[in-house]
């Protein structure tokens, strides 16, 4: 990888490359404690390479670095399955109010009644949205929500002395976290096929569901962006076999105010607050993956659960709780953002979020279907999975198309996922984008399809205008360079 | 692309028989679909694998996929070169990019596999 220096008039040298021996960014105050000798002077090494730079150099370096960010705040970001939508900044401000930001999880409940009330109200709202009234906000991310949900399923079967149920059935289109969470929860994973419409193969599920079935994990809408039309039959098959139905709520952005998972026969689900409910997603920052269950399963929820009592709001442990799954109460500031977002939008507003997300995706699908193959030829929900199979035959891969989009200031869609779709390009425009932005994306995708024949080298070499151009991903993975070295 | 002396599975693995030893790898179709292979996780010599059961994982720049053994039996050898330099799977999938060798315990297993023409027809 070559990082160009001074490209566009901006100094892009790495911090280590700016180092000058003896230069420093700080002045330590005079010591006001007696000097102590080190027990072992060899602890101080002078062979450790650390940058020696001025304060201004540090500021310039990190300011430039921050401007290289390709983010939802700077660019259209249709990364399928990730719901990269606009998260209103006011919710950041609200969650930073001193009464919410400056409290401590070990404070006595009586001193943080407002905060616990917020958690209780958010639990109630998520219960209403999903139709599953038992809610714990403890899980810190989607995968932990899945894990908690599967522990609940196991605890439910164990409590009924039905412990031979050791199998989690997972569709072949599922996100990789589903089988991973099931394995973490001590369950054996069995895969159910998708049919040619992208739905769960109901007959295959019927063959697989039996007295060993602990839980069936279904992402709805599916990772193909499709609503599962056989959902009622599916939940019945699983229930008739004695299993529970777990819904991966990663795609809840398509269902708000439109359909309740509980009404479909789902027993357990999670929601990624950091995708659907106003927390920036994908920055590696804190997430939140509350788990929602039927009334019958509420006694197994992970602790704590906020409860209203005669003496006020308390953080309680459900009767047969699967226990703690992290240190404290979950991600409180993320819960605060979600609560503000839900209250600001209200029932009608939330429904219009999902309606607009669905319309945007279908608009893109309808405008591109003559140029790109569809994973499934039917209306989609909040995302459309295109296939670049036609372009691949003409010599250009999905990867090349994704990279070329960067030249037009558009973040690449999710690529090569789900794996059951050849040359998949998964596009999730979200409700936040204007028709003008969608039209721009459509025009660019159509132009790229023209370039497949007229100028294929433009695609093979893309991106052309970014600080780093086409990366050698294979070498980066096979021989990763993880530390700075003067020799490289 | 698909040598006639090999047998093929629908999971895109090939088998080359030599006495009762089955040499196993992935097909050209598999390595092209995967893209550049960056990591191969292989089992230990001496362990047993069942026919069509998972024996390892292959990771490319696109995705991680399971490897399924077209032949069941005792694993007699694994290709450490494929583990150390996974690019051989892309460069020479039927030669230096082989993955494991299995001692065939039942020749009837071979009847479950496809010849080159039949396999190629499944890719159309």
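Residue numbers (the working numbering), protein chains in the order written: chain A, 1 to 488; chain B, 1001 to 1124.
Even for Gly, the Cβ is constructed at its ideal location relative to N, Cα and C.
**Q.** Residues in the segment 1029-1052 of chain B having any Cβ partner in chain A nearer than 9 Å
**A.** If the cut-off is 9 Å between Cβ atoms, the segment 1029-1052 of chain B has 1033, 1035, 1036, 1037, 1038 and 1039 near chain A.
(Q) Quick check on DSSP: helix, strand or coil for residue 356/A? (A) Here the question's residue 356/A lines up with position 356 in the first chain. Residue 356/A carries a helical assignment under DSSP once its states are collapsed to helix, strand and coil.
Q: Report yes if the C-beta distance between residue 249/A and residue 141/A is below 8 Å; otherwise report no.
A: Looking up residue 249/A in the first chain gives position 249. Looking up residue 141/A in the first chain gives position 141. Not closer than 8 Å, so no.
Q.
Any contact between the segment 1033-1052 of chain B and the segment 1066-1082 of chain B? By contact I mean 3 or more CB pairs, one from each, below 8 Å.
A. Contact holds between the segment 1033-1052 of chain B and the segment 1066-1082 of chain B, because three or more Cβ pairs, one in each stretch, are under 8 Å apart.
Q. Which residues bound the beta strand (DSSP E) around residue 1076/B?
A. On the second chain, residue 1076/B is found 76 positions in, with the first residue counted as 1. Unbroken beta strand (DSSP E) run through residue 1076/B: 1073-1078.
(Q) In this structure, how does DSSP classify residue 216/A when only helix, strand and coil are distinguished? (A) As a position in the first chain, residue 216/A is number 216, starting the count at 1. In the three-state scheme derived from DSSP, where H, G and I count as helix and E and B as strand, residue 216/A is classed as strand.
(Q) DSSP three-state label for residue 1114/B, please. (A) Here the question's residue 1114/B lines up with position 114 in the second chain. If DSSP states are grouped into helix, strand and coil, residue 1114/B belongs with the strands.
Q.
Quick check: residue 226/A and residue 376/A, are their CB atoms within less than 8 Å of each other?
A. Numbered from 1 along the first chain, position 226 holds the residue referred to as residue 226/A. Numbered from 1 along the first chain, position 376 holds the residue referred to as residue 376/A. Going by C-beta atoms, residue 226/A is nearer than 8 Å to residue 376/A.
Q | Segments assigned beta strand (DSSP E), at least 3 residues, entirely inside the segment 409-448 of chain A | A | Counting whole runs of 3 or more residues, the segment 409-448 of chain A contains the beta strand (DSSP E) stretches 424-427.
Q) Should residue 62/A be labelled buried (16 or more other beta-carbon atoms within 10 Å of its own) or exposed? A) Along the first chain, read from residue 1 onward, the residue named residue 62/A stands at position 62. Classification for residue 62/A: exposed.
Q. Does the segment 344-362 of chain A touch the segment 238-248 of chain A, meaning 3 or more C-beta pairs lie closer than 8 Å?
A. Judged by Cβ distances under 8 Å, the segment 238-248 of chain A makes no contact with the segment 344-362 of chain A, as fewer than three pairs qualify.
Q.
Which same chain residues end up closer than 8 Å to residue 47/A when comparing Cβ atoms and leaving out the 5 residues on each side of it in sequence?
A. Within the first chain, the letter at position 47 stands for residue 47/A. Excluding the 5 residues flanking it on each side, residue 47/A has no same chain C-beta neighbour closer than 8 Å.
Q: State the start and end residues of the unbroken beta strand (DSSP E) segment that holds residue 1068/B.
A: Within the second chain, the letter at position 68 stands for residue 1068/B. First-last of the beta strand (DSSP E) with residue 1068/B: 1064-1068.
Q: With a 10 Å radius around its C-beta and 16 neighbouring C-beta atoms as the bar for buried, classify residue 436/A as buried or exposed.
A: Translated into positions along the first chain, residue 436/A becomes position 436. Residue 436/A is exposed by the Cβ-count criterion.
Q.
Spatial neighbours of residue 206/A within its chain, please: C-beta separation below 6 Å, excluding the five flanking residues on both sides.
A. Working through the first chain from its first residue, we reach residue 206/A at position 206. Answer for residue 206/A: 237, listed in chain order.
Q) So, does the CB of residue 1115/B fall closer than 8 Å to a CB anywhere in chain A? A) In the second chain, counting from the first residue as 1, residue 1115/B sits at position 115. Chain A has no Cβ within less than 8 Å of the Cβ of residue 1115/B.
Q.
With a threshold of 6 Å on Cβ separation, who are the neighbours of residue 221/A within its own chain once the five nearest residues in sequence on each side are excluded?
A. Locating residue 221/A in the first chain gives position 221, where the first residue counts as 1. 227, 251, 254 and 381, listed in sequence order.
**Q.** Buried versus exposed, by CB contacts within 10 Å (16 or more), residue 1001/B
**A.** Here residue 1001/B corresponds to residue number 1 of the second chain, with the count starting at 1. Residue 1001/B comes out exposed.
Q: Please confirm if residue 188/A has its CB atom under 8 Å from at least one CB of chain B.
A: To locate residue 188/A, count along the first chain from 1; it is residue 188. Judged by the 8 Å Cβ criterion, residue 188/A is not in contact with chain B.
Q: Report the rounded CA-to-CA distance for residue 990/B versus residue 1034/B, giving the unit in angstroms.
A: Shown here, chain B extends from 1001 to 1124; a query on residue 990/B therefore has no answer.
Q. Is there a Cβ from chain B that is less than 8 Å from the Cβ of residue 473/A?
A. On the first chain, position 473 is the one that residue 473/A refers to. Yes, residue 473/A counts as interfacial toward chain B.
Q: Please confirm whether residue 396/A and residue 424/A have their CB atoms less than 8 Å apart.
A: Locating residue 396/A in the first chain gives position 396, where the first residue counts as 1. Locating residue 424/A in the first chain gives position 424, where the first residue counts as 1. The answer is no: Cβ separation not under 8 Å.
**Q.** contact_flag[the segment 315-330 of chain A, the segment 177-185 of chain A] where n(CB pairs < 8 Å) is 3 or more
**A.** No: fewer than three Cβ pairs fall under 8 Å.
Q.
For residue 249/A, list the residues DSSP reports as bridge partners.
A. Along the first chain, one-based indexing puts residue 249/A at 249. Checking the DSSP bridge columns, you'll see residue 249/A partnered with 271/A.
Q: Report the three-state DSSP secondary structure of residue 13/A (helix, strand or coil).
A: The count along the first chain starts at 1 and reaches residue 13/A at position 13. DSSP places residue 13/A outside both helix and strand once states are collapsed to three, so it counts as coil.
Q.
Does the structure place the segment 199-219 of chain A close enough to the segment 1097-1106 of chain B that three or more beta carbon pairs sit under 8 Å?
A. A contact is defined here as three or more CB-CB pairs under 8 Å, and the segment 1097-1106 of chain B fails this definition with respect to the segment 199-219 of chain A.
Q) Nearest-angstrom Cα distance between residue 279/A and residue 321/A? A) Locating residue 279/A in the first chain gives position 279, where the first residue counts as 1. Locating residue 321/A in the first chain gives position 321, where the first residue counts as 1. Here the alpha carbons of residue 321/A and residue 279/A stand approximately 28 Å from one another.
Q. What separation, rounded to the nearest whole angstrom, lies between the Cα atoms of residue 414/A and residue 402/A?
A. As a first step, residue 414/A is located in the first chain; it is residue number 414 there, counting from the start. As a first step, residue 402/A is located in the first chain; it is residue number 402 there, counting from the start. Taking the CA atoms as reference points, residue 414/A sits about 8 Å from residue 402/A.
Q) Got a sec: is the Cβ-Cβ distance from residue 1062/B to anything in chain A below 8 Å? A) As a working note, residue 1062/B is residue 62 in the second chain. Residue 1062/B belongs to the set of residues whose beta carbon lies under 8 Å from a beta carbon in chain A.
Q) Can the beta-carbon of residue 291/A be found closer than 8 Å to that of residue 148/A? A) Residue numbering aside, residue 291/A sits at position 291 when the first chain is read from its first letter. Residue numbering aside, residue 148/A sits at position 148 when the first chain is read from its first letter. Closer than 8 Å, so yes.
Q) Rounded to the nearest angstrom, how far is the Cβ of residue 307/A from that of residue 120/A, given a contact under 8 Å? A) Translated into the one-based positions of the first chain, residue 307/A becomes position 307. Translated into the one-based positions of the first chain, residue 120/A becomes position 120. Contact holds; Cβ gap of about 7 Å.
Q | Assigned secondary structure, residue 300/A (DSSP; H/G/I helix, E/B strand, else coil) | A | Translated into positions along the first chain, residue 300/A becomes position 300. For residue 300/A, the three-state secondary structure derived from DSSP is helix.
Q) In chain A, which residues lie less than 8 Å from residue 1086/B when you measure between Cβ atoms? A) Here residue 1086/B refers to the residue found at position 86 of the second chain. Those within 8 Å of residue 1086/B in chain A are 478.
Q) Can you tell which of 462/A, 116/A and 383/A has the C-alpha that lies nearest to the C-alpha of residue 470/A? A) Your numbering for residue 470/A matches position 470 in the first chain. Out of 462/A, 116/A and 383/A, 462/A has the C-alpha closest to the C-alpha of residue 470/A.
(Q) Could you give the first and the last residue of the continuous alpha helix (DSSP H) run that contains residue 456/A? (A) Translated into the one-based positions of the first chain, residue 456/A becomes position 456. Residues 456-460.
(Q) Tell me the DSSP secondary structure of residue 1101/B in three-state form. (A) Position 101 of the second chain, counted from the first residue, corresponds to residue 1101/B. Correct three-state label for residue 1101/B: strand.
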